[in-house]
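Here this note's numbering is used: the first residue of the sequence shown is 68, the next is one more, and so on.
Glycine included, C-beta positions come from ideal geometry on N, C-alpha and C.
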Amino acid sequence: LQPIHNLPKDLHPSLLARLKILSNLDIAERRLPQDGRMKVDGFPQVDIRVAILPCLFGEKAVLRLLNQSGLALHLTNLGLDQPDLDRVTTALENPYGMILVTGPTGSGKTTTLYSALQYLNTPHMNIVTVEDPVEFQIQGINQLQIHEDIGLNFSTGLRSFLRQDPDVIMVGEIRDRETAQIAIQASLTGHRVLSTLHTMNGPGAITRLIDMGIEPFLVSSAISLIIGQRLIRKICEHCAEPVILTPAQLRDLGLDDDLIGTVQARKGRGCEQCHMTGYKGRMALFETLPMVERLHHTILSRASTSELRACAMQEGFRTLRQAGLAVLQQGMTTVSEILTETSDEGSPVSVAKDL
68 LQPIHNLPKD LHPSLLARLK ILSNLDIAER RLPQDGRMKV DGFPQVDIRV
118 AILPCLFGEK AVLRLLNQSG LALHLTNLGL DQPDLDRVTT ALENPYGMIL
168 VTGPTGSGKT TTLYSALQYL NTPHMNIVTV EDPVEFQIQG INQLQIHEDI
218 GLNFSTGLRS FLRQDPDVIM VGEIRDRETA QIAIQASLTG HRVLSTLHTM
268 NGPGAITRLI DMGIEPFLVS SAISLIIGQR LIRKICEHCA EPVILTPAQL
318 RDLGLDDDLI GTVQARKGRG CEQCHMTGYK GRMALFETLP MVERLHHTIL
368 SRASTSELRA CAMQEGFRTL RQAGLAVLQQ GMTTVSEILT ETSDEGSPVS
418 VAKDL
């Protein structure tokens, strides 16, 4: 967060009330969280998501700005390198199977899903989605907004889709066992199924499904590809400068001490262009995990996440940390960004905050 401007306290109630009116929320409700969306005159392509949270000393509002006019939904715009892009397109062209996109909240999973749908979006394809909420409206795709208050959730929407003879099904998120079971059965009966899971990496998605109660043989048979991703900050090009990594930093990255001076790295000094943060813009890191034969047998043995990762790496799987090292050496981000966003692959303990 970066402080920009402090508004007078007496403006807070009227500002919150106005936001609620524009977002079709209950202005009298101050005890419960509320979510809505609105448009602003003069910016018809900008969709604003509004989240209101009641706190101890008043309500807090967060606005997410989604510019649909500037969004080029295409796989080549995501930042996938060629081997990862080839794995994604191969999985999408398979007439059946499940593709999962994993990562924490705010890691760009929805953009990846929509880009995949756009890749498949042709007149002869019957594509249906069930979402909460519908983030972007795409011509040629049948999009369903869930309404929990009337019993329309992911699982009921998914069941209704199967009677619509779909070619491609997108489920915004697999949250429970019932949704997971229906999605997997759909992928095993001739449908392409795309969805997301809130796990930290690709191998973790496999163990999460098994923990939900899905049999390992169903998981290994249904999944064709898992995409793990993160969003990281890019170094500001106006104030970027080279840095030399210390032995401690190299160890935290999993590199040998004798590489001192050979690993190219940069950091942002901080300037007016980046509000003295050293960063400007974001980019995505990806890992792609195809369901190869050896991994199939490892899943059947109910292996742990770390065992699945080790097996995948023996088959050429590149982790998010390894993808981060590649962009680090290209001078696009910093050591701290890589270590922070891939902390589940190691425990960074001695990296300076500004490197």
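Checklist entry - Where do the ends of the beta strand (DSSP E) carrying residue 357 lie? => result In the sequence shown, the residue the question calls residue 357 occupies position 290. 346-357 is the extent of the beta strand (DSSP E) around residue 357.
Helix, strand or coil for residue 96? Go by DSSP, reduced to three states. Along the sequence shown, read from residue 1 onward, the residue named residue 96 stands at position 29. Coil, per DSSP.
Quick check on residue 258: buried or exposed, where buried means 16 or more other Cβ atoms within 10 Å of its Cβ?
On the sequence shown, position 191 is the one that residue 258 refers to. So residue 258 ends up on the buried side.
**Study point:** Alpha carbon of residue 184 to alpha carbon of residue 238, nearest angstrom
**Key:** Taking the sequence shown and counting its residues from 1, the one referred to as residue 184 is at position 117. Taking the sequence shown and counting its residues from 1, the one referred to as residue 238 is at position 171. Approximately 11 Å, taken between the alpha carbons.
Among 207, 242, 202 and 88, whose alpha-carbon lies nearest the alpha-carbon of residue 221? Within the sequence shown, residue 221 is the residue found at index 154, counting from 1. Of 207, 242, 202 and 88, the residue nearest in Cα terms is 242.
- request: Could you name the residues of the same chain whose beta carbon sits closer than 7 Å to that of residue 79, not counting the 5 residues immediately before and after it, in chain order?
  value: Along the sequence shown, read from residue 1 onward, the residue named residue 79 stands at position 12. Closer than 7 Å at Cβ, skipping near neighbours: 125.
key: Residues of its chain near residue 224, where Cβ-Cβ distance is below 7 Å and the 5 sequence neighbours each way are ignored   = Here residue 224 refers to the residue found at position 157 when the sequence shown is read from its first residue. 197, 211 and 213.
task = Would you tell me roughly how many angstroms separate the C-alpha atoms of residue 112 and residue 311, rounded to the nearest one?
result = The count along the sequence shown starts at 1 and reaches residue 112 at position 45. The count along the sequence shown starts at 1 and reaches residue 311 at position 244. About 44 Å.
For the alpha helix (DSSP H) holding residue 153, just list the boundary residues, first then last.
Position 86 of the sequence shown, counted from the start, is the residue given in the question as residue 153. Element bounds for residue 153: 149-160.
**Request:** Compare the Cα-Cα distances from residue 254 to each of 263, 234, 372 and 273 and report the closest residue.
**Result:** Working through the sequence shown from its first residue, we reach residue 254 at position 187. Considering only alpha carbons, the answer is 234.
Report the CB separation of residue 252 from residue 305 in whole angstroms; it is logged as a contact under 8 Å. For the purposes of this step, residue 252 is taken as residue 185 along the sequence shown, with counting starting at 1. For the purposes of this step, residue 305 is taken as residue 238 along the sequence shown, with counting starting at 1. Not quite, the Cβ-Cβ distance comes to about 53 Å (not below 8 Å), so this is no contact.
Original post:
Alpha carbon to alpha carbon, what distance is there between residue 301 and residue 206?
Top reply: The count along the sequence shown starts at 1 and reaches residue 206 at position 139. The count along the sequence shown starts at 1 and reaches residue 301 at position 234. Straight-line Cα distance between these residues: approximately 32 Å.
Notebook entry, point to check: In angstroms, rounded to a whole number, what distance separates the CA positions of residue 315 and residue 286?
Noted result: Position 248 of the sequence shown holds residue 315. Position 219 of the sequence shown holds residue 286. Spanning the two alpha carbons is a distance of roughly 40 Å.
With DSSP as the reference, please indicate the residues paired to residue 334 in a beta bridge. One-based indexing of the sequence shown puts residue 334 at position 267. Paired residues: 308.
(message) Our contact map puts residue 333 next to residue 309 with C-beta atoms below 8 Å; I'd like the distance itself, whole angstroms only.
(response) Numbered from its first residue, the sequence shown carries residue 333 at position 266. Numbered from its first residue, the sequence shown carries residue 309 at position 242. That belief holds up - the Cβ atoms of residue 333 and residue 309 are roughly 6 Å apart, short of 8 Å.
Margin query: Going by DSSP in three states, residue 297 sits in which element: helix, strand or coil?
Written below: Locating residue 297 in the sequence shown gives position 230, where the first residue counts as 1. It is a strand residue.
According to the neighbour-count rule (16 or more other Cβ atoms, all chains shown, within 10 Å of its Cβ), is residue 416 buried or exposed? Translated into the one-based positions of the sequence shown, residue 416 becomes position 349. Confidence is the limiting factor: at residue 416 the pLDDT is only 39, short of 50, which leaves the residue's position unreliable, though a coordinate-based value still follows. By the beta-carbon neighbour count (other beta carbons within 10 angstroms, threshold 16), residue 416 is exposed.
Taking residue 46 as the reference, which of 320, 240, 400 and 396 has the closest Cα?
There is no way to answer for residue 46, as the model of the chain reaches only from 68 to 422.
From residue 363 to residue 408, what distance separates their C-alpha atoms? Numbered from its first residue, the sequence shown carries residue 363 at position 296. Numbered from its first residue, the sequence shown carries residue 408 at position 341. Taking the straight line joining both Cα atoms gives about 28 Å.
_I need the DSSP call for residue 230, collapsed to helix, strand or coil._
Counting from one through the sequence shown, the residue named residue 230 turns up at place 163. If DSSP states are grouped into helix, strand and coil, residue 230 belongs with coil.
Starting from the C-beta of residue 279, find all residues in its chain whose C-beta is less than 6 Å away, skip the five residues before and the five after it, and write them out in chain order. As a working mapping, residue 279 is identified with position 212 in the sequence shown. These residues qualify, in order along the chain: 244 and 247.
Worksheet entry | Endpoints, alpha helix (DSSP H) assigned at residue 376 | Mapped onto the sequence shown, residue 376 falls at position 309. Counting along the chain, the alpha helix (DSSP H) containing residue 376 begins and ends at 372-381.
Checklist entry - How about the region 343-356 and the region 145-157: do they share at least three Cβ pairs that are nearer than 8 Å? => result yes
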